[in-house]
Structures are given as structure tokens and as C-alpha cells.
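These notes are about the structure you will find just below.
There are 2 protein chains.
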Amino acid sequence: MRYSKFFVPTLRDDPADAEVISHKLLLRAGFIRRVTSGVYDYLPIGLRVLRKIEAVVRDEMDRAGAQELLMPMVQPGELWEKSGRMEKYGPELLKFQDRHDHQSCLGPTHEEVICDLVSRELRSYKQLPMNLYQIQAKFRDEIRPRFGLMRGREFIMKDAYSFHADEACLAAEYRNMFNAYCSIFSRLGLKFRPVEADTGSIGGNNSHEFHVLAESGEDLIAHCDACDYAANVEKAVSGRNLPQGIVADLAEVQTPDVTSAEDVAAFLSIDVGLLVKTLVYRAVGGEVDGEIIAACVRGDDQLQEIKLAHAIGADGVEMATDAEISSIGGVTGFVGPKGLKCRLLLDRTLAGAVGLVAGANRKDLHLTCLDVERDLDSVVFADLRETRAGDRCGRCSGSMQLSRGIEVGHVFELGTRYSEPMEVLFQDQGGKRATATMGCYGIGVSRLLAAIVEQCYDESGIAWPANLAPFKVGLITMGKSEAVNEASEAIYRQLLDAGVEVLWDERNERPGVKFKDAELIGLPIQVVIGDRGLADGNAEIGLRGGDRKSVPIADAVAETLDMLQGATG
Amino acid sequence: MRYSKFFVPTLRDDPADAEVISHKLLLRAGFIRRVTSGVYDYLPIGLRVLRKIEAVVRDEMDRAGAQELLMPMVQPGELWEKSGRMEKYGPELLKFQDRHDHQSCLGPTHEEVICDLVSRELRSYKQLPMNLYQIQAKFRDEIRPRFGLMRGREFIMKDAYSFHADEACLAAEYRNMFNAYCSIFSRLGLKFRPVEADTGSIGGNNSHEFHVLAESGEDLIAHCDACDYAANVEKAVSGRNLPQGIVADLAEVQTPDVTSAEDVAAFLSIDVGLLVKTLVYRAVGGEVDGEIIAACVRGDDQLQEIKLAHAIGADGVEMATDAEISSIGGVTGFVGPKGLKCRLLLDRTLAGAVGLVAGANRKDLHLTCLDVERDLDSVVFADLRETRAGDRCGRCSGSMQLSRGIEVGHVFELGTRYSEPMEVLFQDQGGKRATATMGCYGIGVSRLLAAIVEQCYDESGIAWPANLAPFKVGLITMGKSEAVNEASEAIYRQLLDAGVEVLWDERNERPGVKFKDAELIGLPIQVVIGDRGLADGNAEIGLRGGDRKSVPIADAVAETLDMLQGATG
Chain A
1 MRYSKFFVPT LRDDPADAEV ISHKLLLRAG FIRRVTSGVY DYLPIGLRVL
51 RKIEAVVRDE MDRAGAQELL MPMVQPGELW EKSGRMEKYG PELLKFQDRH
101 DHQSCLGPTH EEVICDLVSR ELRSYKQLPM NLYQIQAKFR DEIRPRFGLM
151 RGREFIMKDA YSFHADEACL AAEYRNMFNA YCSIFSRLGL KFRPVEADTG
201 SIGGNNSHEF HVLAESGEDL IAHCDACDYA ANVEKAVSGR NLPQGIVADL
251 AEVQTPDVTS AEDVAAFLSI DVGLLVKTLV YRAVGGEVDG EIIAACVRGD
301 DQLQEIKLAH AIGADGVEMA TDAEISSIGG VTGFVGPKGL KCRLLLDRTL
351 AGAVGLVAGA NRKDLHLTCL DVERDLDSVV FADLRETRAG DRCGRCSGSM
401 QLSRGIEVGH VFELGTRYSE PMEVLFQDQG GKRATATMGC YGIGVSRLLA
451 AIVEQCYDES GIAWPANLAP FKVGLITMGK SEAVNEASEA IYRQLLDAGV
501 EVLWDERNER PGVKFKDAEL IGLPIQVVIG DRGLADGNAE IGLRGGDRKS
551 VPIADAVAET LDMLQGATG
Chain B
1 MRYSKFFVPT LRDDPADAEV ISHKLLLRAG FIRRVTSGVY DYLPIGLRVL
51 RKIEAVVRDE MDRAGAQELL MPMVQPGELW EKSGRMEKYG PELLKFQDRH
101 DHQSCLGPTH EEVICDLVSR ELRSYKQLPM NLYQIQAKFR DEIRPRFGLM
151 RGREFIMKDA YSFHADEACL AAEYRNMFNA YCSIFSRLGL KFRPVEADTG
201 SIGGNNSHEF HVLAESGEDL IAHCDACDYA ANVEKAVSGR NLPQGIVADL
251 AEVQTPDVTS AEDVAAFLSI DVGLLVKTLV YRAVGGEVDG EIIAACVRGD
301 DQLQEIKLAH AIGADGVEMA TDAEISSIGG VTGFVGPKGL KCRLLLDRTL
351 AGAVGLVAGA NRKDLHLTCL DVERDLDSVV FADLRETRAG DRCGRCSGSM
401 QLSRGIEVGH VFELGTRYSE PMEVLFQDQG GKRATATMGC YGIGVSRLLA
451 AIVEQCYDES GIAWPANLAP FKVGLITMGK SEAVNEASEA IYRQLLDAGV
501 EVLWDERNER PGVKFKDAEL IGLPIQVVIG DRGLADGNAE IGLRGGDRKS
551 VPIADAVAET LDMLQGATG
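As they're listed, the protein sequences go chains A and B.
Under the UniProt record's numbering, the first residue of the first sequence is numbered 1, with each subsequent residue one higher.
Under the UniProt record's numbering, the first residue of the second sequence is numbered 1, with each subsequent residue one higher.
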């Protein structure tokens, strides 16, 4: 490709509205442009990389035995009514009426459509298992799209759905997909980690997220420094060393206007880990919808709301209002576990604890020397706390670390959550009607474009892995003489003939501009033809960001191919 | 691919709701399934062909120097306000509010988005020309989606947009795209015809549609049997031999309850070509919006409304009501050109005509011996009639033929229709701000899947051209012996190793079922391994629909490759 004919509008400066590095660089290097909130154009150079990512994903999915199909973005509302998600999915599901007033939506995911398709064609267990996938544009009406391709509204996803006659077959395919994902992210050159994920209100046995490790990641993941245990903090289980309190009779202490755990601990000169933080919630969704629930964690722990929701069988929880707190006998700022008229859950690190301090459910008053077993009735223990760095691993004696991650993949044993309402039925080996069990497997393809940049950049721009680079070679012509142009064109032709993707910068620009653009765009190999070198019969060749060496012009193509071989392994 | 692992749900019978052959066969052969009105899933075998069509389109667009990008399906409403099409596009533009009540729409085409993009990046004439294209899903909320992929609502299109500093450059690119389209449709093995198309209310100099010739086509195209003149009937210009009428004074004749041209001609025993058919319309859109207009054609001609709209500068025309006819002095059933109080257009074949019969604008009365020049005031002549088979060519002395066509491509010199309101400006060579001039070029990629089937089928199923077939070879195992299975697998492996796409039917089904499916799906070459042949050391090889020959099993792969060579040319 000749640079002067190529639409790659690079920018000198960081765009004002871009916060994360990938967003800045993809804009600056002319890979993407914003159309509207969370919606982007992929410019020619960006699309080249996107297609290479897609090709890796497709290749590994095909190798794993999945079959590609293509489903539509516009979906009929009745399928979502049937699955029960029309309302439940929330405002990220963009709904509209078509010209015949038929309720429709833009597909944020395709469980409904694939179940509808398979339910109409599936007859016998002999057709199972099957794993169908697509690479396709999706739409989720995010309330706050941000970070460019990281959290867009229209985005490109690879989504796969597998159907099985039994759980064992699903478990095998889950492992198969897990391995395929590891291959995909490895081939994309990413530092990533599969982590256990919460299965949430969907249920199911197993779920893993795949995270690209990056400071800009929106997710917090916990992982052991000794074993391979890793999980989303929404799910991570860990232990901690606890302070020992004083064994004595339960007593009251005046704490005028002192409410937060830290302040109470300071006021009483005790370790904040001896405080009991009591939080009151209203359950949302599920059979417990609307119930007021109190939950306690140590004063220096954070309650993980998804764990709480999971523990009570709700879809989620919301903080209770002051009125709701009063209704169960609590006093805002001085809520404690003793005497509350509602269901009470305690984090399991509070089991057997003594010498605690807790709100007394009366203004300006706390209880001291609380003994959980002695002083509280009918409590339920559960894992409610969020894992902190330094916690003891839930699996071994190692220490937990926290990292930021970008979720780029998710595999899920769905079970019959969708296949049952969508009636994906088949005749089993015994001749009986049975419901297929399902897995689903997603990869954020356009998000990967950003995630790769988050791991592959330097101060000059993007440093694409050779197998994903939009072009392998940046050929730069320095000088305007006929000789330098002719030599450049000869090299250009030879590289093309050798099957090398090359971007030839033959623009009438200063060398500084050309080098800046080459570094910004991030092509792995630079070949430079200049008047001075050419006078000695030489070209210069080097890796992006490294030194260039002079080679005889006759050897330039062979040297480039060698270097390319090295760069792509 | 092993058939037993492949999701290709074939049907024995024609689906009840499919009218045209491509819709029937694509459903029966398991290529597509309906999701909702005008919206389809492309099943794995269908997607394989779709991708091959896309690859041909992409290759020719790239060769022609166009650059691929990818724009979103969801588009912001303000761009459509800016171009002036938000209301004008009509109900096929699906509009909706997102969760922030922001007006948005699903892209039925991308002039607005591409102009917005280019306007933000274009600075100098040096960046021009550029031609940007995408292959992407679009949505048009058709009032009556039909014929499967022929007229869907969500469909896949290749759309290209070129930007130029001057008209000469646009004309050159138009020709370049025209040639690329000819290459594309030729490589797809189609019998097609580029035809001149009406530029409609958009204006512009030049427009051609590319039609695949097929009985099921929704369009009627006219073409000369002697020269290469071809045009959509909306635009086709042709001549005809006209009857000579009697020269005499204008007179009145009683025609009680006789109104239609045919009935009046029969009643008066004259050639129906001597009748004047006078039609009254109301103009829609443009500066003439709402104006009542009368238009005359010969009694045996049909008035082509798009020609009339074009002639008066309207977007379209609608038949006037009886009240509107009265308002200009007409009497329904007896309307004639003489004395009407409105603008009057006559088809140009009426210029100089004498001895005509026309309505008298009084009930049960016609005029005879009408002489257009003598008896009518201030008439305007224009080409208003629809070309009929047998007409004289508008370009040579040949004879016009009519054919049905499926529009699969459209190239258009847009001029500044979009670039002006969307402010696609650049600094020209003289340093002045100028508006870029544009072309646009569309291909209905998913419609092509259907159009190809309309030309490539027989009573047994689809007969794919070898370069588009989902698999090149259908390998059919007949019999259940270990030997036949082993021999089949060996051939299967060898074909795969030779880079041949092969679908191996190793199902536990009767031979009749396997052959029926193979013919239906339409793979070009069949290789059959059966117990009987194998006993003699033979396989059978043949083209789909032709005879098979026995060849020694050791030569089967080489023979297949030979046959494939022949089939792909």
C-alpha cells in the first residue's frame, strides 16, 4: 500500500476526551474514529488488525470443532419474552417498534435467537453435541460508554453456543473451549489470566472470565502468588489473620456522633478489625425480591454485594433507605447485628469471634465485648467480604494479589437456563423427550483491539505483535531524488512479490513526520531508503524502536524477510 | 467436514411460504432460516458461500484501489437531520430513541456517516480522490419483505463512497467502478446486464444498475437486440411506429358510459393507438409539491410515473382524486387534454399527431379528429411512456426487448447531493475552499446469494459454480462395512491434504437420502465409495447431475483434482 493513497489520518496530539492509552493511540494512529457515544468507525488500518484478530479467533474455534454461522442484529421481541429476559435484561437491551408496531430489539447477545433456531431443527440426541458460533456486531445501550473500544455500545463479538445431551458432554466442551481460549489469547501475544467468575443469578456450575492484565482494566481480579487460583473479586474466596478481642460481658459504650468503623475504632483505641460493620440492603429480583436484609463484615473489610446477592438468592441488592433501616429496628449510623428484626448474614470470618464492637441500634451508642455465638441468635455465616491484597489464598497457603484486568472472554456452563424456556428439546437415547443443556462462550473481538494496545505500546506509539500488525513492513523513502524513489519502488515491488504486507511511505513529507507516523502506527519492521545511504548502495533496516543497520540494497529484501522471520517466531 | 458433525438441516419438501426458487432451495438445502419477517440466520453452509461471494467482491474492490473500512449499523439522528433525509427517507429508515432519549436510526445506507467521517479528516485536494468501502449488515424496514434474501430487512451490502476534487475525476472513478462491477458479476458466473437507471430526485449525471437476468426479478429492464443500449423501464427511451389518423375538423361524439381507451377505440372502430389517454396526478415533493398535472400518452401505451415525476421536478406523483380532477375542469372517465385548467404534458410520440380521439371533459362525450398542434395550447412534450417489447431502440434501429432482472448492483454519480449539506470541504489547488464531489457504489451481497441460485439450479437442487460452492467435493460413503469406511476416510484425508474443501457424508443413512442431499446442496463434484465398486478396487467420480465413471481407488484423488480443475476453469 502506498501511504499517499491510504486513508490513515494520524494526529499529532492526544485527543482531549481519551482517557486510556489504547483509546488515545487508536485515535491518534488513525485506527478508529468516534461516530457517536460508544459507536466507532474502524478505519482501513484499524480494520486490517481487527480482521487479523478475527482470523485467529476463527481458526481456533474451527480447530476446536465449532461451526460458524451468522445471526442478525435485529431480533424479534417475542423470543425475549419467551426466555423471560425482555424486562429482566434492563435498559442495555435497546428495544423499538418496527413500522408494523412489532416489538423488536438490537441483539446484545444471541441465546434467544440460537435457541429458537436449534429448537426448530433439533430432533435426536444423534445431532448432539453441536457448537455454533458467529463473529458479529452487537449492541448494548451502556449507560456510560467509555474508554473507546473498551466499553462501546456497538461492538464486535465472537459468541458461541453449545448444545449437549448431558452434563458430562457439556463439561467436556467447556474444557475444550477453555483450552481454545487459552490458545487464542496466547496467539494474540497477550499476558492474560483465566479467573473463576461468579455465575450470578443464571446459576450453572462453572464460569471463567479471561482477563488481559492492564492497569486500565475495569475489573479487579484476585490471584494467588503460589498456586494457580484466580478469581474475579466478585467471587474470590480468601482467608485472613484476625485480631483477638477481649472476653468479657456485653456492655454499652457512649459513642456520640461517632459512626464509621474507623472512627469508632480510633475513639475506643482498638483494632478496626474488631469492629462489626452492619449494612442493610433491600433484595432485588428472585423470590426474595423486596426483603430487607442485614449483613456484617469486619470493620476493615468491604462487603462484596454480588456475594451477598448470591447468598440470599437475589439478582442483586440495593442499599436500604433510612426508613427501611428504621423499619427493622435499626438507627442509621449505629446499626448493629443485635436485636435487628430481619434476616441477618455474617461474613464467615466473624464465626466464633469475641470481643467485638458493634452498633447498638440506638443513637450514639455501641456495644462492646460482643461474642457472636453467645450474644446473637439465628445468624447465618457466608462468604461476604471482598478479597484484599495479602489475604491468605482460599486454596493453599499462598498470598493473594490483586490485579486490574480487561475482560476479553467469558465461558459459561449455562445448563438449561435458556434451553428450558426456549424449549430446545430432543429425543434421548431412551426415546424420551429431554431438554438440551447449554454452554456459551464469548470473546470481545473489538475490545481485544484495545486490550492488545494496552499491553503493546511505548511513548512513540503502538508496538503491534508481528502477526497482528496492519502491515509487517514500513518502507520509508527519505529524499526526493529520482534514484531514491526508483530504489524504493523496486524494494516495494519485491516485498509485495514475496507476499509481505508493506506500507510504503512515499509522501512528500519531512523524514521526521514519516518516522513519527511509522512509530505511532507501530509496524514491526522499518526499511529506510535515503539519498545518503543509497549513494553508498545501502538501505537501512531495523525493528521498530530499535537501531537500524545498513545493508547493501541488493540484500535489503532478503534481510527484511530474515528479520520478519525472527519477529514472527 | 464430516456430514454427521455438520449442522445442515435439509428439508424434503418445499416450505409453504417460499415463492421463488432461490428462497425455496436456500431453505430446503439448509443455507438459511427465517428469524422474523425479512431477517435471516445464515447457517454454516450458507455462510460459506456468502463469504466466497464477499471475497470476490473484496478482491475486485481492492484491485480497483478502494479501501475497506467498517462503519456501524447504529447511526446518530443528527447526521440524518443534517443531510435532510431524516424525514425524507420515509418509514424504511428505522428510528428509535436510545436510553438517553437520543434520536438514532439503523443504517439503511451510509452516505451520512461516511461524509461525517471524511469531512472531519479532509483538508487538501492532495488527499483526493479516495474510495472507501465496507461489507456490512444494513437494515431497511421494508413494508413487505419477500422472496427470502431477495428483499429482506436486515441484509448484507457492499457500499462504497468515492470523493473527488472535480467532476472529471468522479467520472473516471465511476467508469473504474463500473468495470470492477462487471468483473465481480462475471467472476460470480452470472448472466447480468448493466442498465441505465433513473437518477431520480437525487440528480447527478450518471447511474447504472446491474441486473441479474431471472424470471423472478422484481425489475423490468429494456434492452436493444442490436446495440448494447439497456435501461430500467423507469428510464428506457424508445420509439414506435404510429397509426395515421384522419385529418378533419375537431368534432364531438357521444360515447355513453364508454370510458377506457380500449372500449372507446372498439366503440369507434379505430386503432387504440389513436386514442389519447389523459391521466391526472398530484405532484409529491420538490418545488411542485401538491400541483395538479395532466399527462397524456397513446391509448396503447402505459404512462411511466417515474418519468413524469422526473419531467416535472417532483420526487414522485400520485393519482389525483375525482375532486382534484373536477377542480381542473375534468370529468372522471372522460378527461381529455383540451380545456383542462392545469399544466399539461404530452408524451413526445404525440407530437404532430392528427386524427386523435380524446375525452371531452364532459360526461359521455369524446372529441374526434384532434390535431395536437392545431387544437391544443401551451403543451409540453416529454418522454412519458413505458418502453414495450418490440419498440424501436432509442439509440439504433434495433428492436427493444424486455427482461426481468434482479438488481444486485448500483453505481451512482452523486455529485454534491450529500457532500454539500454534510460540508465535505477541502482546499483546492488554488487555495480556495471547495466541496468534494461524490460517487456511491452498492452491491447487495446477501441478495447475490439468492440471485446466483435463481440462475444455477435444476429440479434436484442448487448447482453452485465451482468457485462459490460451499464445498468442492461431496464424498459419499455407501455401505457400512469397515473397508468402505476406511477407504472413504483415506480419500477424505488425501483430499483435505490437497487443499480441497470436501464434505464427507459418512452418515448412517440410505444411499437415496445421501444422493438427494448432495444434489440439493449442490456440490459440483461427487466421489462415491461403495461396497460393490470397492470390491473391484474402484471409486465412482462425476460432476453433479452428470454420469459417474469408475476409476481405480488409487487414482480417485488425482481424477477428482483433474475434474475440479476443469470445473473451475
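Glycine included, C-beta positions come from ideal geometry on N, C-alpha and C.
Residues sharing a beta bridge with Gln565(A), DSSP: To locate residue 565(A), count along the first sequence from 1; it is residue 565. Gln565(A) pairs with nothing; no bridge assigned.
Comparing C-alpha positions only, which one of Pro108(B), Gly84(B), Asp375(B) sits nearest to Leu93(B)? Within the second sequence, the letter at position 93 stands for residue 93(B). Ranking the options by Cα distance to Leu93(B), first place goes to Pro108(B).
Close-in-space but distant-in-sequence residues of the same chain around Ser37(B) (CB under 6 Å, 5 per side omitted): By one-based count along the second sequence, residue 37(B) stands at place 37. So the list reads Pro145, once near-sequence residues are dropped.
For Arg362(A), does the three-state DSSP call read helix, strand or coil? To locate residue 362(A), count along the first sequence from 1; it is residue 362. Here Arg362(A) sits in strand by DSSP.
Coil, strand or helix - Met422(A) by DSSP: For this step, residue 422(A) is matched to residue 422 along the first sequence. If DSSP states are grouped into helix, strand and coil, Met422(A) belongs with coil.
Along the chain, where does the alpha helix (DSSP H) containing Asp116(B) start, and where does it finish? Residue mapping note: residue 116(B) aligns to position 116 of the second sequence, counting from 1. First-last of the alpha helix (DSSP H) with Asp116(B): 111 to 121.
How close, in whole Å, do the beta carbons of Ala518(A) and Asp497(A) come, if the pair is a contact with beta carbons under 8 Å? Here residue 518(A) refers to the residue found at position 518 of the first sequence. Here residue 497(A) refers to the residue found at position 497 of the first sequence. Between Asp497(A) and Ala518(A) the Cβ distance is about 22 Å, and since that is not below 8 Å, they are no contact.
Do Ala295(B) and Val280(B) have their beta-carbon atoms positioned less than 9 Å apart in this structure? As a first step, residue 280(B) is located in the second sequence; it is residue number 280 there, counting from the start. As a first step, residue 295(B) is located in the second sequence; it is residue number 295 there, counting from the start. Yes, they are a contact pair.
Using only the alpha-carbon positions, how far apart do Leu475(A) and Glu509(A) sit? Along the first sequence, one-based indexing puts residue 475(A) at 475. Along the first sequence, one-based indexing puts residue 509(A) at 509. Taking the straight line from one Cα to the other gives about 14 Å.
Should the segment 432 to 440 of chain A be called in touch with the segment 149 to 156 of chain A, which here means at least 3 C-beta pairs below 8 Å? The segment 432 to 440 of chain A vs the segment 149 to 156 of chain A: no contact.
Identity of the residue in Phe178(A), Arg187(A), Leu188(A), Asn205(A) nearest Pro194(A) by Cα: Within the first sequence, the letter at position 194 stands for residue 194(A). Looking at the Cα atoms, Phe178(A) is the closest of the given residues.
Could you tell me the distance, in whole angstroms, from the CA atom of Leu47(B) to the CA atom of Leu70(A)? The count along the second sequence starts at 1 and reaches residue 47(B) at position 47. The count along the first sequence starts at 1 and reaches residue 70(A) at position 70. Distance between the alpha carbons of Leu47(B) and Leu70(A) is about 7 Å.
Would you mind telling me which residues of chain B sit closer than 7 Å to Glu121(A), beta carbon to beta carbon, in chain order? To locate residue 121(A), count along the first sequence from 1; it is residue 121. What Glu121(A) touches in chain B: Pro9.
What residues in its chain sit with their C-beta under 6 Å from that of Ala567(A), if we drop five residues either side in the sequence? The residue you call residue 567(A) lines up with position 567 of the first sequence. The beta carbon of Ala567(A) lies closer than 6 Å to those of Ala466, Pro524 in the same chain, with the five residues before and after it left out.
Output the boundary residues of the alpha helix (DSSP H) element that contains Tyr492(B). Mapped onto the second sequence, residue 492(B) falls at position 492. Per DSSP, Tyr492(B) belongs to the alpha helix (DSSP H) from 482 to 497.
C-alpha gap between Asn538(A) and Ile45(A), whole angstroms: Along the first sequence, one-based indexing puts residue 538(A) at 538. Along the first sequence, one-based indexing puts residue 45(A) at 45. Between Asn538(A) and Ile45(A), the C-alpha separation is close to 30 Å.
Residue interval of the alpha helix (DSSP H) (run including Trp504(B)): For this step, residue 504(B) is matched to residue 504 along the second sequence. Where Trp504(B) is concerned, there is no enclosing alpha helix (DSSP H), although the beta strand (DSSP E) it sits in stretches over 502 to 505.
Run through chain A and tell me which residues come within less than 7 Å of Asp98(B), C-beta to C-beta. For the purposes of this step, residue 98(B) is taken as residue 98 along the second sequence, with counting starting at 1. By Cβ distance, chain A contributes Leu94, Asp141.
Can you give me the C-alpha to C-alpha distance between Leu340(A) and Phe334(A), rounded to a whole angstrom? For the purposes of this step, residue 340(A) is identified with residue 340 of the first sequence, where counting begins at 1. For the purposes of this step, residue 334(A) is identified with residue 334 of the first sequence, where counting begins at 1. One C-alpha to the other measures close to 12 Å.
Leaving out five residues before and five after Pro72(B) in sequence, what residues of the same chain have Cβ atoms less than 8 Å from its Cβ? Taking the first residue of the second sequence as position 1, residue 72(B) is located at position 72. Counting only Cβ-Cβ distances below 8 Å, and skipping sequence neighbours, we find Gly107, Val113.
Please determine, among Ile292(B), Ile53(B), Thr477(B), the residue with the shortest C-alpha to C-alpha distance to Arg187(B). The residue given as residue 187(B) occupies position 187 in the second sequence. Per the Cα distances, Ile53(B).
At a CB-CB cut-off below 8 Å, which residues of chain B make contact with Asp41(A)? For the purposes of this step, residue 41(A) is taken as residue 41 along the first sequence, with counting starting at 1. From the beta-carbon of Asp41(A), the residues of chain B found nearer than 8 Å are Leu69, Leu70, Met71, Pro72, Val113, Leu117.
Can you list, in chain order, the stretches of the beta strand (DSSP E) that have 3 or more residues and sit fully within the segment 145 to 194 of chain A? 154 to 164
In the segment 326 to 382 of chain A, which residue ranges form an unbroken alpha helix (DSSP H) of at least 4 residues, counting only runs that do not cross its ends? For secondary structure counted as the alpha helix (DSSP H) over 4 or more consecutive residues, the segment 326 to 382 of chain A holds these complete runs in sequence order: 372 to 375.
Three-pair Cβ contact test at 8 Å for the segment 408 to 415 of chain B versus the segment 340 to 354 of chain B: no
Can you tell me which of Glu215(B), Lys82(B), Ala490(B), Asp59(B) puts its alpha carbon nearest to the alpha carbon of Lys191(B)? Mapped onto the second sequence, residue 191(B) falls at position 191. Ranking Glu215(B), Lys82(B), Ala490(B), Asp59(B) by Cα distance to Lys191(B) puts Glu215(B) first.
Counting along the chain, where does the alpha helix (DSSP H) carrying Ala436(B) start and finish? Numbered from its first residue, the second sequence carries residue 436(B) at position 436. Note, Ala436(B): premise wrong, no alpha helix (DSSP H); not H, not E.
For Phe515(B), three-class secondary structure by DSSP: Here residue 515(B) corresponds to residue number 515 of the second sequence, with the count starting at 1. It is helical.
Within the same chain, show all residues whose beta-carbon is closer than 6 Å to that of Gly542(B), passing over the 5 residues directly before and after it, in chain order. Position 542 of the second sequence, counting from 1, holds the residue named residue 542(B). Excluding residues within five positions, the ones whose Cβ falls inside 6 Å are Gln526, Arg548.
Cα separation between Asp59(B) and Glu68(B)? Counting from 1 along the second sequence, the entry for residue 59(B) is found at position 59. Counting from 1 along the second sequence, the entry for residue 68(B) is found at position 68. So the two alpha carbons sit approximately 11 Å from each other.
Interface residues of chain A facing Phe6(B) [CB-CB closer than 8 Å]: Against the second sequence, residue 6(B) aligns to sequence position 6. Residues of chain A passing the Cβ test: Gln67.
Taking 8 Å as the threshold, find out whether the segment 352 to 363 of chain A comes into contact with the segment 264 to 279 of chain A through three or more Cβ pairs. Verdict: yes, contact present.
Please check if any C-beta of chain B sits within less than 9 Å of the C-beta of Arg33(A). Locating residue 33(A) in the first sequence gives position 33, counting from the first residue. Yes, contact with chain B.
Please determine, among Gly285(A), Gln302(A), Gln254(A), the residue with the shortest C-alpha to C-alpha distance to Glu318(A). Mapped onto the first sequence, residue 318(A) falls at position 318. Checked all of Gly285(A), Gln302(A), Gln254(A); the closest Cα to Glu318(A) is Gly285(A).
Where does Ser260(A) sit, in a helix, a strand or coil, going by DSSP? To locate residue 260(A), count along the first sequence from 1; it is residue 260. DSSP places Ser260(A) in coil when its eight states are reduced to three.
With the cut-off set at 9 Å, would you say residue 605(A) and Ile462(A) are in Cβ contact? Lying before the first or after the last residue shown, residue 605(A) is absent from chain A, which here runs from 1 to 569.
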